[in-house]
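Undergrad:
Number of protein chains: 2
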Amino acid sequence: MADIKSGTPTLYLRDEELRKGIELLYFAYRDHNGVPDEILAEYGFGRAHHRVLHFVARSPGMAVSELLGILRITKQSLSRVLKELVEKGYVRQETGARDRRQRPLYLTDKGSELERRLSAVQRERMARAYREAGAEAVAGFWRVLFGLIDADGRDAIKTFIEKP
Amino acid sequence: MADIKSGTPTLYLRDEELRKGIELLYFAYRDHNGVPDEILAEYGFGRAHHRVLHFVARSPGMAVSELLGILRITKQSLSRVLKELVEKGYVRQETGARDRRQRPLYLTDKGSELERRLSAVQRERMARAYREAGAEAVAGFWRVLFGLIDADGRDAIKTFIEKP
DNA sequence: ATTTTATGTCAGCCATGTTGACTTATTTAT
DNA sequence: ATAAATAAGTCAACATGGCTGACATAAAAT
Chain A
3 MADIKSGTPT LYLRDEELRK GIELLYFAYR DHNGVPDEIL AEYGFGRAHH
53 RVLHFVARSP GMAVSELLGI LRITKQSLSR VLKELVEKGY VRQETGARDR
103 RQRPLYLTDK GSELERRLSA VQRERMARAY REAGAEAVAG FWRVLFGLID
153 ADGRDAIKTF IEKP
Chain B
3 MADIKSGTPT LYLRDEELRK GIELLYFAYR DHNGVPDEIL AEYGFGRAHH
53 RVLHFVARSP GMAVSELLGI LRITKQSLSR VLKELVEKGY VRQETGARDR
103 RQRPLYLTDK GSELERRLSA VQRERMARAY REAGAEAVAG FWRVLFGLID
153 ADGRDAIKTF IEKP
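Chains as they are written, first to last, in the numbering used here: chain A, 3 to 166; chain B, 3 to 166.
1. Could you check whether V58/A and V93/A sit closer than 8 Å to each other, using their CB atoms as the reference points?
2. Could you confirm whether any beta carbon from chain B is found closer than 8 Å to the beta carbon of H34/A?
3. Thinking C-alpha only, which one of V123/B, P166/B, R74/B is nearest D154/B?
4. L109/B touches chain A at which residues, Cβ-Cβ below 9 Å?
5. Does any CB atom of chain A fall closer than 8 Å to the CB of Q78/B?
6. Can you find the residues in the same chain that come closer than 8 Å, C-beta to C-beta, to L109/B, ignoring five residues on each side of it along the sequence?
7. To be precise: take each residue of the segment 111-136 of chain B, compare its Cβ to all Cβ atoms of chain A, and keep it if any distance is under 7 Å. Which residues remain?
8. Measure from the alpha carbon of A135/A to the alpha carbon of each residue in V140/B, Y31/B, A135/B, then state which is nearest.
9. Mind listing, in chain order, the continuous alpha helix (DSSP H) runs of no fewer than 4 residues lying wholly within the segment 37-80 of chain A?
10. Buried or exposed: where does A99/A fall if 16 or more other Cβ atoms within 10 Å of its Cβ makes it buried?
11. DSSP state of T161/A, grouped into three classes?
12. Report buried or exposed for I6/A, applying the criterion of at least 16 other Cβ atoms within 10 angstroms of its Cβ.
13. Please list, in chain order, all residues of the same chain as L42/B whose beta carbon is under 8 Å from its beta carbon, the five residues on each side excluded.
14. Out of E44/A, L26/A, K85/A, point me to the one whose CA is closest to G142/B's CA.
15. So with CB distances below 7 Å, who are the chain B contacts of G48/A?
16. Secondary structure at R105/A, three-state DSSP: helix, strand or coil?
17. Does the distance from the C-beta atom of G23/A to that of M128/B stay below 8 Å?
18. Assuming the contact rule is C-beta atoms closer than 8 Å, I151/A and A30/B should be a hit. Round their C-beta distance to whole Å, please.
Here you go:
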């Protein structure tokens with residue numbers, strides 16, 4: 003490698019560092035979702051159901067259109083999982099107070115219970131990772147993740163995630 | 003919230019911090035793969051093809067079983083995408099020198115070109131995030147991601163990612 | 001000579017994304 | 001008051017990429 007002679011191995015190191023981030027992100031994301039996926043399967047649900055449970059738990063009463071905006075999927079995709087969650091009694095839809103076209107979403111008790119169960123395993127894993135890495139590392143973790151998000155994605159989430 | 007009076011808002015803060023990590027991970031992972039997904043679609047490929055291209059580029063000559071071990075999918079799932087990549091001339095399979103049952107995998111020139119195109123957009127995004135966050139943040143990013151990986155997953159990847 | 005291993009293949013199922021077309025109820029604008 | 005825009009839902013069809021189960025072939029290991 004030319005770096006050995008040039009004495010400026012910046013490019014090589016840089017590429018290694020970038021590759022490392024890319025691969026760690028892949029493996030971490032996969033394992034982060036592994037146990038939840040197994041739990042969801044018990045209920046006949048998938049990751050898409052988990053996302054709905056998560057964001058509805060987080061912002062009770064959110065409109066369907068808001069959820070669509072956050073998840074960035076089509077309403078047909080959302081409709082399928084939302085329908086299942088409502089029919090099976092995990093999510094409840096009301097009629098909007100101000101705007102009666104809207105259908106504010108809420109978790110039922112059953113929904114809250116499942117959401118907590120799912121989020122518990124993810125929070126435990128995240129907590130373990132935080133603990134092992136230390137507070138300073140956690141701040142860096144947030145900063146880099148934030149930097150990976152699209153500019154318009156940052157806008158969309160800034161209502162509930164302040165810039166790290 | 004009891005925290006206001008107790009003066010030890012650790013639990014509340016902790017939950018917020020965990021949630022923040024979980025959500026940032028979701029958004030970052032999604033956007034990290036957004037542009038590559040569009041490029042792959044031009045070729046009639048998907049994310050699974052990208053993963054194969056990535057790891058074969060990274061470890062040329064790897065056996066199919068090694069790839070299966072890294073990706074943790076079934077051979078039937080891998081077979082489908084691998085077959086397409088071979089048929090369309092992006093991946094080449096040889097016969098193992100020591101063990102002739104093995105089919106060492108290599109990218110063709112065409113495969114390398116596509117892999118570079120895909121990895122370029124991810125590296126650029128990652129580089130931007132690194133730059134915005136700073137070197138210290140990057141180290142923390144790695145440490146937390148590593149901590150999110152399963153114990154046996156850490157074993158499996160330690161051949162090519164040293165513990166951050 | 002038998003068993004194990006590496007790889008490949010067929011067939012079918014499931015989850016979850018997509019596009020396109022269309023309906024209904026309600027609100028907003030003219 | 002009427003027309004247009006918006007929020008939500010629905011039907012149909014298609015693609016990707018996981019999965020299981022069963023089976024085949026060639027080569028290596030015992």
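Yeah, the Cβ is synthetic: ideal placement off N, Cα and C, and Gly gets one too.
TA: Result, derived from the coordinates:
1. Translated into the one-based positions of the first sequence, residue 93/A becomes position 91. Translated into the one-based positions of the first sequence, residue 58/A becomes position 56. For the 8 Å CB-CB criterion, V93/A and V58/A form a contact.
2. Numbered from its first residue, the first sequence carries residue 34/A at position 32. By this cut-off, H34/A is an interface position.
3. Against the second sequence, residue 154/B aligns to sequence position 152. Selected option, being the one with the closest Cα: R74/B.
4. Along the second sequence, one-based indexing puts residue 109/B at 107. Under the 9 Å cutoff, chain A gives no residues; its nearest Cβ is about 15 Å from L109/B.
5. As a working mapping, residue 78/B is identified with position 76 in the second sequence. So, not an interface residue.
6. By 1-based counting over the second sequence, the position of residue 109/B is 107. So the qualifying residues of the chain are L55, V58, A59, P62, Y92, V93, R94, E117.
7. Legend: CB atoms of the segment 111-136 of chain B lying less than 7 Å from CB atoms of chain A belong to residues Q124, R125, R127, M128, A129, R130, A131, Y132, E134, A135.
8. One-based indexing of the first sequence puts residue 135/A at position 133. Checking every option, the nearest Cα to that of A135/A belongs to V140/B.
9. The segment 37-80 of chain A contains these whole alpha helix (DSSP H) runs: 49-60, 66-73.
10. Along the first sequence, one-based indexing puts residue 99/A at 97. Flag for A99/A reads exposed.
11. Numbered from its first residue, the first sequence carries residue 161/A at position 159. Coil at T161/A, not helix or strand.
12. Counting from one through the first sequence, the residue named residue 6/A turns up at place 4. Bear in mind that a pLDDT of 46 at I6/A, under 50, signals an unreliable position, so the model cannot answer this.
13. Along the second sequence, read from residue 1 onward, the residue named residue 42/B stands at position 40. Around L42/B: G48, R49, H51, H52, L120.
14. Mapped onto the second sequence, residue 142/B falls at position 140. It is L26/A.
15. Position 46 of the first sequence, counted from the start, is the residue given in the question as residue 48/A. Correct list: empty, because the minimum Cβ distance to chain B is about 15 Å.
16. Reading the first sequence from its first residue, position 103 is the one you call residue 105/A. For R105/A, the secondary structure class from DSSP, reduced to helix, strand or coil, is coil.
17. Position 21 of the first sequence, counting from 1, holds the residue named residue 23/A. Position 126 of the second sequence, counting from 1, holds the residue named residue 128/B. Their beta carbons are under 8 Å apart, which means G23/A touches M128/B by this criterion.
18. Position 149 of the first sequence, counted from the first residue, corresponds to residue 151/A. Position 28 of the second sequence, counted from the first residue, corresponds to residue 30/B. Beta-carbon to beta-carbon, I151/A and A30/B are separated by about 6 Å, close enough to satisfy the 8 Å threshold.
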